[in-house]
Structure formats: C-alpha cells, structure tokens
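Mapping the sequence shown onto our numbering, position 63 (from 1) lands on 194, and the numbers just tick up by one.
Every residue, glycine too, gets a C-beta built ideally from N, C-alpha and C.
A quick note: this is a predicted structure, and the numbers were derived from the prediction, not measured.
These notes concern the structure reproduced below.
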Amino acid sequence: VGVSSTQAVLGMDCLQHYCIQLDFESRRIRFLDPDAAAADAAALGKEFPLKSRPQASIDHPGILQERRTTLIVDTGDALDGRVPVEVLRSKARLGHAERLPLNPDTPIPPGLIHPLLFSEVRWDDRTYRDVIVGPGPNLLGLRFLGRYRRVTFNFPRGRLYLDSGNE
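Take a look at the structure:
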C-alpha cells in the first residue's frame, strides 16, 4: 500500500479573492469575511494599504532601509526579509551583522552574499531582535510575519493588518 501526498500552491490569482488570517499564536489559518474584517479593522492590528498585483506588497520602507519602496510580503520566503544586495553589503561593511553559515553541502556561487543576522533592527517604529536578512527584492518574509500574533491579508479590501498584541 503506497502513501500518496498532494501538494499545492495557492497563488495570488486565487488568494486575491479572499481575506486570510495567519494566527501565529494559535497556529491556525482562517478565511474571514472581507466585509466583516473591514468593519472590525481596529481589532486586527496596524493597518497598511495592500496591493495584490503582481504580488502582495505594501509601499513602505524595507528592512534596513529608510526610503519608501514597494515591499513584497511573501509568506513563501523563510527569512525575515530581503533587501537589494548593495544595501546588504553596505550594512555588512558597517559591522552591524554577522554572517550565517550556509549548509556545507551547498555549493556557493562566486559573488554570493550570505544571509546576515542582525542583532537588532528598527522597522515601522519597533525594534526587532535576531533578524535574518538576505539579498533580493525588498520583502518581508514568513519569519518576520511570525513575530506578530496575527497577520491578516484582506485582499478584496486592499488591506494588510499586523497585530502584535500590544496595540
């Protein structure tokens, strides 16, 4: 008797029609009514205007950056975030981070910059500790989102809510 498993990816073409809440505290994913969620927005946390095309994003300064940018919100990225390689190199030169070791069995292409561990990062007027940032497009990843109690994507209403539990 063989065991079968099915894996699927729900992309933005599907998710853009839903209001989804990632409840990290209770380890649950909920599909909410977008109108009810919009009516109770104050209870959902800090609100950000959310775009869903071509990917989920907010206009906000990225991690390690002060300038406003299109900041992708990517639940498929395991790091806290990513920034352009020149930003990461600049912060590394300032000595504010330590290099994380990669899997020793993984070949390292020439010129690759490793993800870096920052002991402290300020983002959106809050301080975060032990933040892992890699090179790439400006984005917030799943590890960063998991620092919140709940994260709600109300795609039909164009809103992202980050609930730290401290508001």
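Cα separation between residue i and residue j?
i           : j           : result
residue 198 : residue 191 : 8 angstroms
residue 185 : residue 267 : 17 angstroms
residue 220 : residue 165 : 41 angstroms
residue 285 : residue 253 : 25 angstroms
residue 259 : residue 276 : 11 angstroms
residue 227 : residue 250 : 8 angstroms
residue 187 : residue 173 : 21 angstroms
residue 229 : residue 171 : 41 angstroms
residue 168 : residue 294 : 13 angstroms
residue 212 : residue 257 : 15 angstroms
residue 225 : residue 155 : 34 angstroms
residue 261 : residue 146 : 30 angstroms
To which residues of the same chain is residue i closer than 7 angstroms at the C-beta, ignoring the five residues directly before and after it?
i           : result
residue 246 : 210, 231, 263, 264 and 265
residue 208 : 270, 272 and 273
Can you find the residues in the same chain that come closer than 6 angstroms, C-beta to C-beta, to residue i, ignoring five residues on each side of it along the sequence?
i           : result
residue 292 : 175, 176, 178 and 283
residue 193 : 200, 202, 214 and 269
residue 132 : Because the pLDDT of residue 132 is 49, which lies under 50, any placement of that residue in the model is unreliable, and the number read from its coordinates should be weighed accordingly. Closer than 6 angstroms at the Cβ level, and outside the excluded window around residue 132, lies no residue.
Of the choices the options, whose alpha-carbon is the least far from that of residue i?
i           : options               : result
residue 149 : 249, 161 and 250      : 161
residue 278 : 217, 227, 158 and 173 : 158
residue 96  : 223, 257, 287 and 147 : The chain is shown from 132 up to 298; residue 96 falls before or after that span and cannot be answered.
residue 153 : 206, 261, 255 and 225 : 206
residue 196 : 255, 261 and 294      : 255
Does the Cβ-Cβ distance between residue i and residue j come in under 8 angstroms?
i           : j           : result
residue 280 : residue 296 : yes
residue 204 : residue 271 : yes
residue 216 : residue 189 : no
Near residue i, which residues of its chain fall below 8 angstroms by C-beta distance, leaving aside the five closest residues on each side in sequence?
i           : result
residue 289 : 180, 181, 182 and 183
residue 151 : 160, 161, 162, 163, 283, 284 and 286
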